[in-house]
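In UniProt numbering, the protein residues as written are 1 to 495.
Some notes on the structure that comes next.
Structure (structure tokens):
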């Protein structure tokens, strides 16, 4: 390269891939080789003067760029296309592309590796998606088959307490192919049915997507062994794979919720005296669950929606999906997470330092239910005209503590006395600490007491808005009730 004529091109260089040696490389005065690279410069094998690369060619390479080849280049010797490489003296030489050549082996290995990576990536892309789907289906089936096996194992365990088992075909026949729907709930739907004997029943068809099987076992294990006038009777059940159904006695008057909230439906409201009689029946049913069986049964979801009324308005406790069995001599139960319906759940289900979880949680729920029955309104009403009435139990306590009469519209004087007694008993039941609440047999005793005024308890200091709902486990639920046409808005489903 002539540095005088082409001074702007100094430090440029080129490599002649055809030469065995660089000795024939012509350079102008003042030019020198600083670096040397193999490139994929296009070679015209038919041109004998291909060694004479012009300065303009080099300029074009610099201006427009050129490709560096680090893997291979070729040279032609006696019309044979051979592999070109640099020797230990940085001199190009032509070698036969045999497997004995180290660079050729490296090139083959690199090429094979690239192709293998591309092949494996393609296989992964094609087969990975279906494999993941198959794995998820397998795990889902394994989980549910394990659940179904557990249910079957439970059902075979003690047939002496089991109600009648029906097939899914029988269920469709009983409900006339699910013709008459009574209501919806968090775990499925309720349908009206009729047995072959002519007896009317309510069929709870559990939603396989929401039911995890544990609520089914809970109901059959608890209500299946109970026979009490104030507990709904489980007549039969169905288990066929993922199809689960429970058959109960039919309760024509539906849930208590419809009668104590005047705004719920246009129904003739029940008198205070009738509500008092119903409260006695509910208390008797819960007391039987706690003390009348060979195992203590804790319901954990006492609320108006789960109290059903027969044709004579006799109350029956229903929905045992969250229930737990406990030995009669054991007063404390262990729960991994809170359960129940917001507004009726005892404080100890949220705050462990309040006290231990026991049958007193049902007492608290009954107290909240009793307060709503006495006042015929929800305990929490953010739209109340007076701010003091937003949380009704506090307002009732202040009224009673200050000696003011609590009047309820359309109630007679005897009925207002009954309502006052129900409210005082309710205040005892909703005491913050479990140890301060009476047992259900004591609650019954206070409700049935005819003469004398009941002592007013301390004011509860637990306020629902302070509940750390966001910190409570996902198993806070509202179980769904059996025959309501509407469901109370609850938090989540049970575990």
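We put the beta carbon where it would ideally sit given N, CA and C, even for glycine.
All values reported here derive from a predicted model rather than from experimental measurement.
Assigned with DSSP and collapsed to three states, residue 194 falls in strand. In the same chain as residue 218, and ignoring 5 residues on each side of it, the C-beta atoms closer than 8 Å to its own belong to 320, 321, 322, 323 and 324, in chain order.
Excluding the 5 residues flanking it on each side, residue 192 has same chain C-beta neighbours closer than 6 Å at 180 and 182, in chain order.
Burial of residue 365 is indicated by the presence of at least 16 other C-beta atoms within 10 angstroms of its C-beta. The three-state secondary structure of residue 237, taken from DSSP, is strand. When C-alpha distances from residue 369 are compared across 415, 255, 311 and 455, the shortest belongs to 255. Here residue 241 is exposed: its Cβ has fewer than 16 other Cβ atoms, across all protein chains shown, within 10 Å.
Counting other Cβ atoms within 10 Å of its Cβ, residue 136 stays below 16 and is therefore classed as exposed. By a beta-carbon distance limit of 8 Å, residue 311 contacts residue 253. Their separation comes to about 7 Å. Note that the C-beta distance between residue 362 and residue 286 is below 7 Å.
Boundaries of the alpha helix (DSSP H) around residue 274: 272–291.
Within the model, the alpha-carbon separation for residue 128 versus residue 165 is close to 44 Å. At least 7 Å separates the beta-carbon of residue 429 from that of residue 340. Between residue 315 and residue 278, the CB-CB gap stays under 7 Å. With fewer than 16 other Cβ atoms from the protein chains shown falling within 10 Å of its own Cβ, residue 412 counts as exposed. Classified as buried, residue 347 has 16 or more neighbouring CB atoms from the shown chains inside 10 Å of its CB.
Spanning the alpha carbons of residue 300 and residue 351 requires a straight line of approximately 16 Å. In the DSSP secondary-structure assignment, residue 380 is bridged to 391.
7 Å or more divides the Cβ of residue 234 from the Cβ of residue 204.
Going by C-alpha positions, residue 296 is about 31 Å away from residue 380. If you ignore the 5 residues before and after residue 222, its C-beta comes within less than 6 Å of the C-beta of 297, 320 and 323, all in its own chain and listed in chain order. The beta carbon of residue 171 lies closer than 7 Å to those of 203, 238 and 245 in the same chain, with the five residues before and after it left out. The three-state secondary structure of residue 247, taken from DSSP, is strand. Residue 203: member of the beta strand (DSSP E) spanning 200–206, first to last residue.
Between residue 375 and residue 392, the gap from beta carbon to beta carbon is short of 7 Å.
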